[in-house]
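Inspection log for the structure reproduced underneath, given as structure tokens.
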Amino acid sequence: MSVEENMLEILEGIDIRFKEPLHSYSYTKVGGEADYLVFPRNRFELARLVKFANQENIPWMVLGNASNIIVRDGGIRGFVILCDKFNNVSVDGYTIEAEAGANLIETTRIALRHSLTGFEFACGIPGSIGGAVFMNAGAYGGEIAHILQSCKVLTKDGEIETLSAKDLAFGYRHSAIQESGSVVLSAKFALAPGSHQIIKQEMDRLTHLRELKQPLEYPSCGSVFKRPVGHFAGQLISEAGLKGYRIGGVEVSEKHAGFMINVADGTAKDYEDLIESVIEKVKEHSGITLEREVRILGESK
Numbered sequence: 013m014s015v016e017e018n019m020l021e022i023l024e025g026i027d028i029r030f031k032e033p034l035h036s037y038s039y040t041k042v043g044g045e046a047d048y049l050v051f052p053r054n055r056f057e058l059a060r061l062v063k064f065a066n067q068e069n070i071p072w073m074v075l076g077n078a079s080n081i082i083v084r085d086g087g088i089r090g091f092v093i094l095c096d097k098f099n100n101v102s103v104d105g106y107t108i109e110a111e112a113g114a115n116l117i118e119t120t121r122i123a124l125r126h127s128l129t130g131f132e133f134a135c136g137i138p139g140s141i142g143g144a145v146f147m148n149a150g151a152y153g154g155e156i157a158h159i160l161q162s163c164k165v166l167t168k169d170g171e172i173e174t175l176s177a178k179d180l181a182f183g184y185r186h187s188a189i190q191e192s193g194s195v196v197l198s199a200k201f202a203l204a205p206g207s208h209q210i211i212k213q214e215m216d217r218l219t220h221l222r223e224l225k226q227p228l229e230y231p232s233c234g235s236v237f238k239r240p241v242g243h244f245a246g247q248l249i250s251e252a253g254l255k256g257y258r259i260g261g262v263e264v265s266e267k268h269a270g271f272m273i274n275v276a277d278g279t280a281k282d283y284e285d286l287i288e289s290v291i292e293k294v295k296e297h298s299g300i301t302l303e304r305e306v307r308i309l310g311e312s313k
């Protein structure tokens with residue numbers, strides 16, 4: 013029996029796709045094939061999958077919503093897991109609990125419908141709840157660390173644990189999950205009662221700002237660089253004269269220099285080369301070394 017036949021027998025019922033191109037799933041519209049792209053429907057299927065992968069020594073990773081990543085052109089070996097099929101969101105009093113695959117923007121809309129305040133900052137951040145916790149996503153002065161109460165994770169050994177916000181050791185675009193190898197299963201957020209009208213006005217204001225300043229009409233990986241202390245990455249890039257600077261099919265956005273957009277069938281290599289070139293040119297101009305926020309995954313072609 014082949015590895016694939018054995019896999020399908022043991023993991024019967026789980027949606028597994030072989031040699032699936034990842035450019036169809038990433039926000040950048042780049043990326044080679046995943047050996048096995050998997051869509052578990054719940055935490056139990058995910059646990060079965062991880063247990064099988066560990067037993068068979070097959071590498072695995074969770075891709076989240078693929079909104080703040082670049083998948084290299086050679087693709088990713090082993091299992092690539094998308095959790096968007098387990099996406100339930102529930103409200104209990106002033107607490108929202110959302111599964112890892114729930115859409116972050118939609119979760120903020122659920123908070124609005126229940127007149128709960130605290131989640132407004134995330135109303136325009138693309139991605140999943142799991143990815144938002146993993147990265148401590150934030151915008152406009154707010155971040156996940158400010159509202160997270162606890163989260164359930166699947167450890168790399170296949171055990172389920174509940175972690176408090178303190179356990180996650182949140183920092184700027186960082187959580188302890190990035191080092192632990194665990195996978196976020198769900199998260200609880202502690203919000204506060206508020207005025208539906210005021211919450212909506214704030215979300216509308218932030219959405220307008222985002223649409224005004226960001227190149228949402230093009231494929232991109234979101235904000236490419238972390239914010240340097242005392243500076244803004246986009247401003248440093250702009251001051252270095254790099255708006256519109258292009259390599260291959262990817263260019264620095266004229267609208268917001270902190271974004272790199274896929275304008276002409278760009279590749280992951282175009283993204284990587286542009287990122288490295290921008291880091292070098294900004295360092296030459298300002299003496300400041302930009303640090304990537306976007307994650308780069310997989311193998312070169």
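Each residue of the sequence shown is one higher than the last, beginning at 13 in our numbering.
Here a beta-carbon is modelled for each residue, glycine too, at the ideal position from N, C-alpha and C.
Straight-line measurement puts the Cα of residue 103 at about 13 Å from the Cα of residue 129. Looking at 146, 159, 236 and 40, the one whose alpha-carbon comes closest to that of residue 197 is 146.
For residue 115, the pairing in a beta bridge is given by DSSP as 140.
No Cβ-Cβ contact shorter than 8 Å links residue 245 with residue 261.
Put simply, the region 78 to 97 touches the region 39 to 49. At least three CB pairs are less than 8 Å apart. In the three-state scheme derived from DSSP, where H, G and I count as helix and E and B as strand, residue 283 is classed as helix. Under DSSP, residue 33 shares a beta bridge with 45. The bridge partners DSSP lists for residue 129 are 204.
One Cα belongs to residue 64, the other to residue 283, and the distance between them is close to 34 Å. For the options 172, 162 and 122, the alpha carbon positioned closest to that of residue 179 is the one of 162.
With a contact defined as Cβ atoms closer than 8 Å, residue 28 and residue 34 miss out at about 15 Å. Membership of residue 88 in the beta strand (DSSP E) is indicated by the continuous run 88 to 93.
Using a C-beta cut-off of 8 Å, the region 226 to 242 makes no contact with the region 162 to 178, since fewer than three inter-stretch Cβ pairs fall below that distance. According to the DSSP assignment, residue 164 belongs to no alpha helix (DSSP H) but to the beta strand (DSSP E) extending over 160 to 166. The residue among 202, 301, 53 and 18 with its C-alpha nearest the C-alpha of residue 112 is 53.
Straight through space, the alpha carbons of residue 303 and residue 120 are spaced by roughly 29 Å. DSSP, read as helix, strand or coil, puts residue 101 in strand. Along the length of the region 45 to 81, whole alpha helix (DSSP H) runs at least 4 residues long occupy 55 to 67, reported in chain order. The C-alpha of residue 72 is placed about 20 Å away from the C-alpha of residue 141.
Under the DSSP definition of a beta bridge, residue 258 partners with 263.
Going by C-alpha positions, residue 108 is about 7 Å away from residue 101. Considering only 257, 271 and 252, the residue with the shortest C-alpha distance to residue 297 is 252. Counting only the Cα atoms, residue 18 lies some 42 Å from residue 237.
For residue 274, the secondary structure class from DSSP, reduced to helix, strand or coil, is strand. Residue range 245 to 251 is occupied by the alpha helix (DSSP H) that includes residue 248. Between residue 234 and residue 79 the beta-carbon gap is near 6 Å, inside 8 Å, which marks them as a contact. As the crow flies, the alpha-carbon of residue 114 is around 9 Å from that of residue 77.
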